[in-house]
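Student: Residues in the sequence shown are numbered consecutively from 47, following our numbering.
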Amino acid sequence: MEKELLIECQRNDRNAQRKVYEKMAGKLYSVCKRYLKNDEDIEEVLADTFYKIFTKLNQLQNHDIFEAWAKKIAVNECLQKLRSMKALEISLDEDFVESTGSPTDSISFEKDILKLLNFLPEGCRAIFNLFAIEGYPHKEIATMLSISEGTSKSQLNFARKKLQELLVNHNI
Numbered sequence: 047m048e049k050e051l052l053i054e055c056q057r058n059d060r061n062a063q064r065k066v067y068e069k070m071a072g073k074l075y076s077v078c079k080r081y082l083k084n085d086e087d088i089e090e091v092l093a094d095t096f097y098k099i100f101t102k103l104n105q106l107q108n109h110d111i112f113e114a115w116a117k118k119i120a121v122n123e124c125l126q127k128l129r130s131m132k133a134l135e136i137s138l139d140e141d142f143v144e145s146t147g148s149p150t151d152s153i154s155f156e157k158d159i160l161k162l163l164n165f166l167p168e169g170c171r172a173i174f175n176l177f178a179i180e181g182y183p184h185k186e187i188a189t190m191l192s193i194s195e196g197t198s199k200s201q202l203n204f205a206r207k208k209l210q211e212l213l214v215n216h217n218i
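(1) Just curious, the alpha helix (DSSP H) that D87 is in, first and last residue?
(2) Would you say I53 lies against chain D (beta-carbon separation less than 8 Å)?
(3) Whose C-alpha, out of N108, R80 and Q56, is nearest the C-alpha of F96?
(4) Under 8 Å between the Cβ atoms of A62 and L74?
(5) Given this structure, state the Cα-to-Cα distance separating I179 from I53, to the nearest angstrom.
(6) How should I153 be labelled, buried or exposed, when 16 other C-beta atoms within 10 angstroms of its C-beta is the threshold for buried?
(7) Could you pull the start and end residues of the alpha helix (DSSP H) that A71 belongs to?
(8) So, under 8 Å CB-CB, F184 and F174 are touching, yes? Tell me the CB distance rounded to an integer number of Å.
(9) Grab me the residues of S198's own chain with a C-beta within less than 6 Å of its C-beta, minus the 5 sequence neighbours each way, in chain order.
(10) DSSP three-state call for K129: helix, strand or coil?
(11) Between K208, E48, A93 and K79, which has its C-alpha nearest F112's C-alpha?
Structure below.
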């Protein structure tokens, strides 16, 4: 992201903000899609993310890390949405794979894996995303989600096992 464009955003230049939105919306939408299923929830979180980006941009000291900073805001907004939906209550006793339709369309391996994430329970999916995709350690995940480190580890293990089952059952 160009430093000059971000400086203009800090000055509340609407054209600059529109340009930043156009450059970042697709990337941040993809981040949100990994955590949330419902398009309305994703759009709401995306709007909240951009509001926070534009109102807190003056706190960003190093414009070179803007994209990572914006992505972290999106992840935190997704987690906040999940908490507000009380979706992080985790039950390992239920079968979470929906019985309707196939979870894959065989478009590409990566897209298939991301689709399979939708078949995980919300809490497991959030933990899997934070650990395996975003690279957060269990200790930080536990703090972010107000759970124990052991719960984070067990939910990651559960998510991995479920994904393996889905991969085997759907020949990916």
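Beta carbons are placed, not taken as given, at the ideal position from N, Cα and C, and that holds for glycine. Quick caveat: nothing in here was measured; it's all calculated off a predicted structure.
Tutor: On the basis of the data shown:
(1) Indexing the sequence shown from 1 puts residue 87 at position 41. Per DSSP, D87 belongs to the alpha helix (DSSP H) from D85 to K102.
(2) In the structure shown, chain D does not exist; there is a single protein chain.
(3) Taking the first residue of the sequence shown as 1, we reach residue 96 at position 50. Ranking N108, R80 and Q56 by Cα distance to F96 puts Q56 first.
(4) The residue given as residue 62 occupies position 16 in the sequence shown. The residue given as residue 74 occupies position 28 in the sequence shown. Cβ atoms of A62 and L74: not closer than 8 Å.
(5) Numbered from 1 along the sequence shown, position 133 holds the residue referred to as residue 179. Numbered from 1 along the sequence shown, position 7 holds the residue referred to as residue 53. Near 30 Å, if we compare the C-alpha coordinates of I53 and I179.
(6) On the sequence shown, position 107 is the one that residue 153 refers to. The predicted model places I153 with a pLDDT of 43, which falls under 50 and marks its position as unreliable; any figure quoted below should be read in that light. Its Cβ having fewer than 16 others within 10 Å, I153 is exposed.
(7) On the sequence shown, residue 71 is found 25 positions in, with the first residue counted as 1. R60 to Y81 is the span of the alpha helix (DSSP H), which, as asked, contains A71.
(8) Here residue 184 corresponds to residue number 138 of the sequence shown, with the count starting at 1. Here residue 174 corresponds to residue number 128 of the sequence shown, with the count starting at 1. Looking at the sequence itself, residue 184 is His, so the reference to Phe does not match. Contact flag wrong, Cβ pair sits at about 12 Å.
(9) Position 152 of the sequence shown, counted from the first residue, corresponds to residue 198. Only I173, H184, I187 and A188 meet the Cβ criterion.
(10) For the purposes of this step, residue 129 is taken as the residue at position 83 of the sequence shown. The amino acid occupying residue 129 in the given sequence is Arg; Lys does not appear at that position. Helix, per DSSP.
(11) Locating residue 112 in the sequence shown gives position 66, where the first residue counts as 1. Residue E48 is the option with its Cα nearest to F112.
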